[in-house]
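In what follows, a single structure is set out as structure tokens and then discussed.
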Amino acid sequence: MISFENVAYNYGGGELLSEMSLRLAPGSFHFLTGPSGAGKSTFLKLCYAELLPTAGHVTLFDREVRSLGRDEVALMRQRIGVVHQDCRFLDHLPLAANVTLPLTVSNREVSGQDLGDLLAWVGLRHLADALPPSLSGGERQRAALARAVIVDPEVILADEPTGNLDWEMSLRLLQLLVELNRMGKTIVVATHDLNLIRQAKSHVAARVLRIRNRRIQLAGADL
Amino acid sequence: MTNPLTLFLRGDRQADRVVPPSGHTAWLTSFTAGAMTFLAVFALALALASGRMADRWSDALARTATVRISAPPDQIEMQTRVVLDVLATTPGVESAKALSDEEQRKLLEPWFGPDLPVEALPIPRLIELTETAQGYDAEGLRQRLAAEAPGAVLDDHTRWRRPLATAAGRLRVLGYLSILLIGGTMAGMITLAANAALAANSQVIEVLRLVGAQDAYIARAFVRRFTLRAFTGALAGALLGMAGIALLPSADAAGGFLTGLGFSGAGWFLPLALPLIAAIVAFAATRRAALMKLRGLM
Chain S
1 MISFENVAYN YGGGELLSEM SLRLAPGSFH FLTGPSGAGK STFLKLCYAE
51 LLPTAGHVTL FDREVRSLGR DEVALMRQRI GVVHQDCRFL DHLPLAANVT
101 LPLTVSNREV SGQDLGDLLA WVGLRHLADA LPPSLSGGER QRAALARAVI
151 VDPEVILADE PTGNLDWEMS LRLLQLLVEL NRMGKTIVVA THDLNLIRQA
201 KSHVAARVLR IRNRRIQLAG ADL
Chain E
1 MTNPLTLFLR GDRQADRVVP PSGHTAWLTS FTAGAMTFLA VFALALALAS
51 GRMADRWSDA LARTATVRIS APPDQIEMQT RVVLDVLATT PGVESAKALS
101 DEEQRKLLEP WFGPDLPVEA LPIPRLIELT ETAQGYDAEG LRQRLAAEAP
151 GAVLDDHTRW RRPLATAAGR LRVLGYLSIL LIGGTMAGMI TLAANAALAA
201 NSQVIEVLRL VGAQDAYIAR AFVRRFTLRA FTGALAGALL GMAGIALLPS
251 ADAAGGFLTG LGFSGAGWFL PLALPLIAAI VAFAATRRAA LMKLRGLM
């Protein structure tokens with residue numbers, strides 16, 4: 001589904017990631033952890049082709065990312081839902097329009113019933129007409145998750161989704177991600193919150209990857 | 001039909017909403033298009049009027065010539081008859097006619113006023129000739145006149161017709177060049193406005209790319225908006241310009257070049273093409289700016 005083969009990424013000021021090889025199997029659940037600045041966000045950006053590797057090969061759905069044209073990258077992103085830490089909404093559009101944006105840009109529509117069900121699933125049905133700046137951090141994260149899943153993607157990438165949330169809200173978001181994984185979605189969550197990871201492992205068979213010294217490794221029992 | 005042109009013309013309400021209203025760039029685009037089109041209408045009128053003038057001068061003068069007879073009063077009638085005889089037998093001369101005192105008085109009236117005693121002044125007799133399409137041998141005619149009527153001088157108008165026609169022709173070129181410059185300036189201004197709008201909406205564009213929007217979709221949202229603004233602004237400018245032209249004094253009222261600065265007949269439809277051209281210019285300029293901006297993003 002997504003595979004890295006000896007991938008390196010260089011920001012220009014030295015190598016941030018190097019010799020990174022892994023394969024994300026369909027339906028798997030991965031946590032990605034590591035200290036701030038270790039390259040977790042960069043790893044995720046490589047996963048949805050916002051960045052291209054400076055060495056090695058990233059393959060998305062059996063296509064090497066460098067071989068993809070710009071329109072192909074756009075189509076590929078409709079198979080990958082992304083939840084950013086800062087959510088990145090269009091502040092002039094109401095929540096419902098932001099959630100349906102991935103469908104809007106591909107000239108697809110969603111029924112009012114389905115949209116209502118999705119918003120209800122993330123607990124935001126009553127805020128469908130609210131503008132993003134009026135939402136709390138937890139509401140924004142859940143809205144971002146709703147936007148990520150509305151195109152029924154095969155992979156969901158979440159970058160520090162609980163970074164600005166309290167523990168209760170973090171657990172609620174985690175529960176939504178676990179439910180998506182049970183529906184067969186491949187999930188990758190970048191987080192430095194080890195408590196969240198420990199909590200999740202009691203609900204889902206998650207693998208924990210750690211970025212250390214520019215390389216990725218499977219985390220052990222030291223978590 | 002879902003080709004790009006159809007999508008563009010039909011519009012997409014959802015896509016139009018995706019890009020937020022862009023305040024001053026919208027006003028700037030409409031104003032620029034309107035002002036430039038207003039100027040273009042006058043440049044077009046100037047070009048057309050110059051063209052008509054050049055054609056008129058060329059046509060009116062190219063096939064006419066004047067024989068001027070300066071002779072003592074007792075010989076002038078005789079030389080006039082001789083010249084008319086010569087002209088009647090000259091191949092290429094269609095007709096020749098001596099101007100009467102009254103006609104000569106009318107010719108001189110703009111300079112000397114009415115009631116000029118032409119008969120009391122040593123004014124040369126004028127004979128107006130019209131040539132056939134094949135034309136006549138001017139040099140041969142001069143030699144015959146010199147031999148048979150020594151006071152007769154052939155003026156084929158070339159000396160003053162050529163610079164006038166050349167000037168009018170150049171004025172016409174300048175008019176069209178002005179339209180090109182106005183179009184280029186408009187393209188530049190709209191590109192600047194589009195770039196400002198794209199820069200102000202860079203976050204919107206990034207979000208759209210991240211959720212899977214293709215370049216054509218994003219570009220279309222901006223291009224359609226700027227094209228429509230340019231078209232409406234240019235339409236207003238064209239209508240105002242046409243009203244301005246229509247309000248100029250008519251040629252009959254005072255005469256002269258400026259009063260001929262206008263459109264005639266179907267020519268009034270020509271300024272209406274300017275908004276379409278403005279829309280095409282805006283379309284090309286905005287599309288280029290949008291695609292260049294998008295290429296900077298993954």
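These protein sequences, in sequence, are chains S and E.
Numbering-wise (the UniProt record's numbering), the first sequence opens with residue 1 and increments by one.
Numbering-wise (the UniProt record's numbering), the second sequence opens with residue 1 and increments by one.
For each residue, glycine too, the CB sits at the ideal point set by N, CA and C.
These numbers were taken from a predicted model, which means no experiment stands behind them.
Contact under 8 Å by Cβ, residue i with residue j
i	j	result
residue 290 (chain E)	residue 223 (chain E)	yes
residue 158 (chain S)	residue 206 (chain S)	no
residue 143 (chain S)	residue 174 (chain S)	no
residue 95 (chain S)	residue 124 (chain S)	yes
residue 119 (chain E)	residue 137 (chain E)	no
residue 90 (chain E)	residue 141 (chain E)	yes
residue 43 (chain S)	residue 197 (chain S)	no
residue 128 (chain S)	residue 119 (chain S)	yes
residue 237 (chain E)	residue 248 (chain E)	no
residue 264 (chain E)	residue 172 (chain E)	no
residue 221 (chain E)	residue 19 (chain E)	yes
residue 162 (chain E)	residue 219 (chain E)	no
residue 127 (chain E)	residue 106 (chain E)	no
residue 141 (chain S)	residue 83 (chain S)	yes
residue 231 (chain S)	residue 7 (chain S)	A question about residue 231 (chain S) goes unanswered here, because the residues of chain S that appear run from 1 up to 223.
residue 76 (chain E)	residue 144 (chain E)	no
residue 27 (chain S)	residue 184 (chain S)	yes
Cβ-Cβ separation, residue j to residue i (assumed contact under 8 Å), whole Å
i	j	result
residue 208 (chain S)	residue 2 (chain S)	That pair is no contact at about 17 Å.
residue 83 (chain E)	residue 69 (chain E)	6 Å
residue 36 (chain E)	residue 245 (chain E)	The Cβ separation is near 16 Å, so there is no contact.
residue 197 (chain E)	residue 58 (chain E)	49 Å between Cβ atoms; not a contact.
residue 34 (chain E)	residue 106 (chain S)	The pair is not a contact, with the Cβ atoms about 36 Å apart (cut-off 8 Å).
residue 149 (chain S)	residue 30 (chain S)	Residue 149 (chain S) to residue 30 (chain S), Cβ: 17 Å. No contact.
residue 233 (chain E)	residue 25 (chain E)	Actually they are not in contact, since the Cβ atoms of residue 233 (chain E) and residue 25 (chain E) sit about 12 Å apart, beyond 8 Å.
residue 22 (chain S)	residue 216 (chain S)	6 Å
Interface flag, residue i vs chain C, CB-CB below 8 Å
i	result
residue 287 (chain E)	The structure shown contains no chain C; its protein chains are S and E.
Chain S contact for residue i (CB, 8 Å cutoff)
i	result
residue 17 (chain E)	yes
residue 253 (chain E)	With a pLDDT of only 44 at residue 253 (chain E), under 50, the local geometry of the prediction cannot be trusted, and no value is derived from it.
Short CB-CB distance (under 8 Å) between residue i and chain E
i	result
residue 67 (chain S)	no
residue 136 (chain S)	no
residue 75 (chain S)	yes
residue 133 (chain S)	no
residue 105 (chain S)	yes
residue 55 (chain S)	no
Closer than 9 Å at the beta carbon, the chain E residues around residue i
i	result
residue 71 (chain S)	214, 215 and 216
residue 78 (chain S)	211 and 212
Partners in chain S for residue i, counting only beta-carbon separations shorter than 7 Å
i	result
residue 20 (chain E)	92
Neighbouring residues, chain E, relative to residue i (Cβ below 7 Å)
i	result
residue 82 (chain S)	210
residue 102 (chain S)	211 and 212
Residue i: contacting residues in chain E (beta-carbon distance under 8 Å)
i	result
residue 88 (chain S)	203, 206, 207 and 210
May I ask you to list, following chain order, the residues of the stretch 175-190 of chain E that have a beta carbon less than 9 Å from some beta carbon of chain S? none
Along the stretch 196-228 of chain E, what residues have a CB closer than 9 Å to any CB found in chain S? 203, 204, 206, 207, 208, 209, 210, 211, 212, 213, 214, 215, 216, 217 and 218
Can you pull out the residues from the stretch 19-37 of chain S whose beta carbon lies closer than 7 Å to at least one beta carbon of chain E? none
Got a sec: which bits of the stretch 182-208 of chain S sit with their beta carbon under 9 Å from any beta carbon on chain E, in order along the chain? none
Listed from N- to C-terminal order along the chain, which residues in the stretch 150-182 of chain S have their beta-carbon within a distance smaller than 9 Å of any beta-carbon of chain E? 151
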